[in-house]
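Peer 1: Once you've had a glance at the structure underneath, I'll fire off some questions.
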Amino acid sequence: MSKPLQIGVTGGIGSGKSIICRLFSCLDIPVYGADARAKWLTNHHPGIREQVTALLGTAAYDMSGRYDTAYVASKVFKDEVLLQKLNSIIHPVVMEDTAQWVRANAAYPYLIKEAAIMNKAGDGNTLDYVIVVEAPENLRISRILMRDRRSEEEIRAIIRRQVSDDQRRNMADFIIKNDDVTALIPQVMHLHRYFRSKT
Numbered sequence: 041m042s043k044p045l046q047i048g049v050t051g052g053i054g055s056g057k058s059i060i061c062r063l064f065s066c067l068d069i070p071v072y073g074a075d076a077r078a079k080w081l082t083n084h085h086p087g088i089r090e091q092v093t094a095l096l097g098t099a100a101y102d103m104s105g106r107y108d109t110a111y112v113a114s115k116v117f118k119d120e121v122l123l124q125k126l127n128s129i130i131h132p133v134v135m136e137d138t139a140q141w142v143r144a145n146a147a148y149p150y151l152i153k154e155a156a157i158m159n160k161a162g163d164g165n166t167l168d169y170v171i172v173v174e175a176p177e178n179l180r181i182s183r184i185l186m187r188d189r190r191s192e193e194e195i196r197a198i199i200r201r202q203v204s205d206d207q208r209r210n211m212a213d214f215i216i217k218n219d220d221v222t223a224l225i226p227q228v229m230h231l232h233r234y235f236r237s238k239t
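Spelled out as structure tokens, the structure:
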């Protein structure tokens with residue numbers, strides 16, 4: 041059996057990656073949420089817990105045993121070497137977890153992988169195509185203000201730290217506009233038919 045196509049879905053904070061992935065799920069296409077899965081593995085994988093604790097100390101996990109994101113961020117935010125060491129602990133486990141998920145879903149025509157950070161298809165990954173979800177910045181900010189307990193300043197700082205829209209467009213094979221004007225379902229259905237035609 042030929043391997044299913046692997047499609048990446050990415051976009052900036054508030055762009056609406058998750059709603060696009062939910063639409064693909066409604067078409068019976070499996071979706072792997074890389075960021076959510078990495079968070080779960082960081083909390084539950086014993087090898088990660090052991091190595092992260094050795095790297096950053098016991099405070100990396102709180103009293104209830106949950107990964108303390110704020111503490112870890114404070115340690116690695118301005119220390120590139122420490123951040124690389126942390127990533128070298130977590131990323132291989134996530135990659136192996138992804139590979140197992142792909143094998144488990146090999147009967148499907150294509151699979152969706154959602155992640156905030158992504159390279160072009162084939163650039164150090166197993167992706168065949170990358171979809172970038174786009175929305176105007178002010179709309180993204182208003183969505184996050186409704187969704188999260190963050191100030192507008194915090195949101196703008198996150199957007200500045202993320203890759204730019206131009207950088208994302210350079211990695212895109214397809215762009216979905218999620219601007220509250222352009223209908224989403226026809227865009228997703230068009231891509232669904234295209235990916236089905238490639239398998």
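FYI, the numbering for the sequence shown is 41 to 239, going by our numbering.
Glycine included, C-beta positions come from ideal geometry on N, C-alpha and C.
Less than 6 Å between C-beta atoms, sequence neighbours within five positions excluded: which residues of the same chain meet that for Gly73?
Peer 2: Translated into positions along the sequence shown, residue 73 becomes position 33. The answer, listed in chain order, is Glu154.
Peer 1: Would the beta-carbon of Gln46 fall within 8 Å of that of Thr222?
Peer 2: Taking the first residue of the sequence shown as 1, we reach residue 46 at position 6. Taking the first residue of the sequence shown as 1, we reach residue 222 at position 182. No, they are not a contact pair.
Peer 1: Go through its chain and collect everything with a Cβ distance to Phe235's Cβ below 8 Å, but skip five positions before and after it.
Peer 2: Against the sequence shown, residue 235 aligns to sequence position 195. Counting only Cβ-Cβ distances below 8 Å, and skipping sequence neighbours, we find Leu45, Ile47, Pro149, Tyr150 and Tyr169.
Peer 1: DSSP three-state label for Ile60, please.
Peer 2: Translated into positions along the sequence shown, residue 60 becomes position 20. Three-state result, Ile60: helix.
Peer 1: Determine the burial state of Met186: buried for a count of at least 16 other Cβ atoms within 10 Å of its Cβ, exposed for fewer.
Peer 2: Working through the sequence shown from its first residue, we reach residue 186 at position 146. Met186 should be labelled exposed.
Peer 1: Taking only the alpha-carbon atoms, compute the straight-line gap between Val228 and Ile216 and give it to the nearest angstrom.
Peer 2: As a working mapping, residue 228 is identified with position 188 in the sequence shown. As a working mapping, residue 216 is identified with position 176 in the sequence shown. In a straight line, the C-alpha of Val228 is about 8 Å away from that of Ile216.
Peer 1: Smallest Cα separation from Glu177: which of Val49, Ser55 and Ile152?
Peer 2: The residue labelled residue 177 in the question sits at position 137 within the sequence shown. For Glu177, the nearest C-alpha among the options comes from Ser55.
Peer 1: Taking 7 Å as the cut-off, is the CB of Asp219 close to at least one heavy atom of the ligand ATP?
Peer 2: Of ligands this structure carries none, so the ligand ATP is not represented either.
Peer 1: If we ignore side chains and look at the alpha-carbon of each, how far apart do Ser204 and Gly52 end up?
Peer 2: Along the sequence shown, one-based indexing puts residue 204 at 164. Along the sequence shown, one-based indexing puts residue 52 at 12. The straight-line gap from Cα to Cα measures roughly 8 Å.
Peer 1: Under three-state DSSP, which class holds Ile69?
Peer 2: As a first step, residue 69 is located in the sequence shown; it is residue number 29 there, counting from the start. In this structure, Ile69 counts as coil in the three-state DSSP scheme.
Peer 1: Tell me whether Thr50 sits in a helix, a strand or coil according to DSSP, three-state version.
Peer 2: Within the sequence shown, numbered from 1, the residue matching residue 50 stands at position 10. Reduced to three states, the DSSP call for Thr50 is strand.
Peer 1: On the DSSP letters alone, give me the boundaries of the alpha helix (DSSP H) that Gln169 sits inside.
Peer 2: Walking along the sequence shown from the start, residue 169 turns up at place 129. Per the sequence presented here, residue 169 reads as Tyr, with Gln not at that position. Element bounds for Tyr169: not the alpha helix (DSSP H) but the beta strand (DSSP E), Tyr169 to Glu174.
Peer 1: Within 10 angstroms of its Cβ, does Lys118 collect 16 or more other Cβ (buried), or is it exposed?
Peer 2: Your numbering for residue 118 matches position 78 in the sequence shown. Its Cβ having fewer than 16 others within 10 Å, Lys118 is exposed.
Peer 1: Counting C-beta neighbours from all protein chains within 10 Å, is the total for Val121 16 or more, i.e. buried, or is it exposed?
Peer 2: In the sequence shown, residue 121 corresponds to position 81, counting from 1. Exposed, since its Cβ has fewer than 16 Cβ neighbours within 10 Å.
Peer 1: With the cut-off set at 8 Å, would you say Asn210 and Glu174 are in Cβ contact?
Peer 2: Locating residue 210 in the sequence shown gives position 170, counting from the first residue. Locating residue 174 in the sequence shown gives position 134, counting from the first residue. Contact: no.
Peer 1: Return the chain-ordered list of same chain residues with a C-beta closer than 6 Å to the C-beta of Ser237, the five sequence neighbours on each side being excluded.
Peer 2: For the purposes of this step, residue 237 is taken as the residue at position 197 of the sequence shown. Cβ neighbours of Ser237 beyond the five flanking positions: none.
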